[in-house]
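Q: One structure coming up, written as structure tokens, with questions to follow.
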Amino acid sequence: KQEVTQIPAALSVPEGENLVLNCSFTDSAIYNLQWFRQDPGKGLTSLLLIQSSQREQTSGRLNASLDKSSGRSTLYIAASQPGDSATYLCAATNTGNQFYFGTGTSLTVIP
Amino acid sequence: DAGITQSPRYKITETGRQVTLMCHQTWSHSYMFWYRQDLGHGLRLIYYSAAADITDKGEVPDGYVVSRSKTENFPLTLESATRSQTSVYFCASSLDTNTGELFFGEGSRLTVL
């Protein structure tokens, strides 16, 4: 069974800092890796989807990379803003039609 | 584009009562999922469906029943609610689990007294 880990569980940074969130997975035979954002009391919003054949995806200030061989994905946030404060989750898909989620990193950007 | 909607958003019920949480998606996605989210456990898969009339158990299916008579609807029923089922429930859908994105509803917060 795929195990997905996100460390640290919480992160606090000053506004303007560039930061990296980490996602590790145990089974490298993934189809894709997806990053989500969750605001308090809300559902999960898809940020970026990286297919297994891709190395990275970019959207605005966000860049996600995927290294299947090492079982790692990172989400890079450039020039962080207070509005980026949220919980970020990653999910990997393997065979079996299931998405395996990490427990998330709670990000606080201090003005 | 309504996307994926859940109802009710908030529900309070008593132990032993039957509760149904509704999920409706407008994209004609083949796959639909029910998760529960609890502090300390993250997201746990309850049931999923690959197509109409095809459902399968996830990690924590006990005490829950699902059906999928139409592609767009995937209701989740708690046949006899227990306090341990107090949680936030999320419905999600995907066109294709191999290459497609997973999209979530806003969640249904259920409290069982």
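Those protein sequence lines, which keep their order, are chains A and B.
Going left to right, the first sequence walks through residues 1 to 111 as this note's numbering numbers them.
Going left to right, the second sequence walks through residues 112 to 224 as this note's numbering numbers them.
Just so you know, even glycine gets a beta-carbon here, dropped at the ideal spot from N, CA and C.
Just so you know, these numbers come straight off a predicted model, no measurement behind them.
Quick check: the Cα distance between residue 9 of chain A and residue 101 of chain A, rounded to an integer number of angstroms?
A: Across the structure, residue 9 of chain A and residue 101 of chain A are spaced so that their CA atoms are roughly 14 Å apart.
Q: Going along the segment 27-52 of chain A in order, which residues come within less than 7 Å of chain B, judged by CB to CB distance?
A: 31, 32, 34, 42, 43, 44, 46, 49, 51
Q: Name the chain A residues that come within less than 8 Å of residue 132 of chain B, Cβ to Cβ?
A: Residues of chain A whose Cβ lies closer than 8 Å to the Cβ of residue 132 of chain B do not exist, since the nearest Cβ in that chain is about 14 Å away.
Q: Note down, in chain order, every chain A residue with its Cβ under 7 Å from the Cβ of residue 215 of chain B.
A: 43, 44
Q: Just to confirm my understanding: we take residue 13 of chain A, look at its own chain, exclude 5 residues before and 5 after, and list those with CB closer than 8 Å. What are they?
A: For residue 13 of chain A, where only same-chain residues beyond five positions count, the Cβ hits under 8 Å are 19, 80, 107, 108, 109, 110.
Q: In chain A, what lies closer than 8 Å to residue 161 of chain B by C-beta?
A: In chain order: 97.
Q: In chain A, which residues lie with their C-beta within 8 Å of the C-beta of residue 208 of chain B?
A: 31, 93, 97, 98, 99, listed in chain order.
Q: Run through DSSP, which three-state label would residue 61 of chain A get?
A: coil
Q: Quick test of the definition: if touching needs 3 or more C-beta pairs under 8 Å, does the segment 115-133 of chain B touch the segment 57-76 of chain A?
A: no
Q: Count the other CB atoms, across all protein chains shown, that sit within 10 Å of the CB of residue 7 of chain A; report buried if there are 16 or more and exposed otherwise.
A: exposed
Q: Who pairs with residue 97 of chain A in a beta bridge, going by DSSP?
A: In DSSP, residue 97 of chain A forms no bridge with anything.
Q: Check for me: the beta strand (DSSP E) holding residue 135 of chain B runs from which residue to which?
A: Its beta strand (DSSP E) spans residues 130-136.
Q: Considering only DSSP beta bridges, list what residue 121 of chain B is partnered with.
A: Answer is B:220.
Q: Whose CA, out of B:218, B:214, B:202, lies closest to the CA of residue 159 of chain B?
A: B:202
Q: Of all the beta strand (DSSP E) runs that stay within the bounds of the segment 167-222 of chain B, which reach a length of 3 or more residues?
A: 175-177, 187-189, 198-205
Q: Quick one: is residue 41 of chain A buried, meaning 16 or more other Cβ sit within 10 Å of its Cβ, or exposed?
A: A residue is called buried when at least 16 other Cβ atoms come within 10 angstroms of its Cβ; residue 41 of chain A does not meet this threshold and is exposed.
Q: Which residue spans inside the segment 21-58 of chain A form an unbroken beta strand (DSSP E) run of at least 3?
A: 32-38, 44-51
Q: With 8 Å set as the bound, which would you pick, yes or no: does the beta-carbon of residue 156 of chain B sit closer than that to a beta-carbon of chain A?
A: yes
Q: Can you tell me which of the three DSSP states residue 14 of chain A falls into?
A: Secondary structure at residue 14 of chain A: strand, using DSSP grouped into helix, strand and coil.
Q: Between the Cα of residue 221 of chain B and those of B:132, B:114, B:166, B:115, spot the shortest distance and give me the residue it belongs to.
A: B:132
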